[in-house]
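Peer 1: I have a structure here, written as structure tokens, and I will follow up with some questions on it.
Residue numbers (full-length UniProt numbering): 1 to 90.
Written out as structure tokens, the structure is:
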């Protein structure tokens with residue numbers, strides 16, 4: 001499986017915004033391994049603002065060291081609702 005860092009490394013010279021075809025072409029030009037190319041070819045055909053967007057859209061885990069049970073605990077934790085603190089009372 002491709003890692004988040006692998007994807008970002010092979011796309012470091014790409015100018016954004018970039019479409020799926022541009023992303024795949026750049027990775028091929030940089031000599032990306034088959035697992036990275038496979039993940040990038042499965043991307044939705046939209047414009048990407050940066051490499052992080054590409055990696056997230058490819059379904060690549062940014063923190064593979066965090067296990068499924070820890071992710072589930074974080075999801076249940078009400079303090080991490082992804083809402084700014086000053087908006088929570090609204």
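Every residue, glycine too, gets a C-beta built ideally from N, C-alpha and C.
#1: Please list the terminal residues of the continuous alpha helix (DSSP H) segment that includes residue 9.
#2: As a quick exercise: from 69, 55, 59 and 48, pick the residue whose alpha carbon is nearest that of residue 15.
#3: Roughly how many angstroms separate the alpha carbons of residue 6 and residue 26, rounded to a whole number?
#4: In the DSSP assignment, what residue or residues form a beta bridge with residue 91?
#5: For residue 44, which option in 23, 32 and 3 has the closest C-alpha, if you only look at C-alpha atoms?
#6: Are the CB atoms of residue 10 and residue 36 within a distance shorter than 7 angstroms?
Peer 2: Reading it off the structure:
#1: Taking the first residue of the chain shown as position 1, residue 9 is located at position 9. Per DSSP, residue 9 is one residue of the alpha helix (DSSP H) stretching across 4-10.
#2: Position 15 of the chain shown, counted from the start, is the residue given in the question as residue 15. Selected option, being the one with the closest Cα: 48.
#3: By 1-based counting over the chain shown, the position of residue 6 is 6. By 1-based counting over the chain shown, the position of residue 26 is 26. Pairing residue 6 with residue 26, the inter-Cα distance amounts to about 13 angstroms.
#4: The question about residue 91 has no answer, for the chain in this structure spans 1 to 90.
#5: Looking up residue 44 in the chain shown gives position 44. The shortest Cα separation from residue 44 among 23, 32 and 3 belongs to 23.
#6: For the purposes of this step, residue 36 is identified with residue 36 of the chain shown, where counting begins at 1. For the purposes of this step, residue 10 is identified with residue 10 of the chain shown, where counting begins at 1. Yes, Cβ-Cβ distance for residue 36 and residue 10 is below 7 angstroms.
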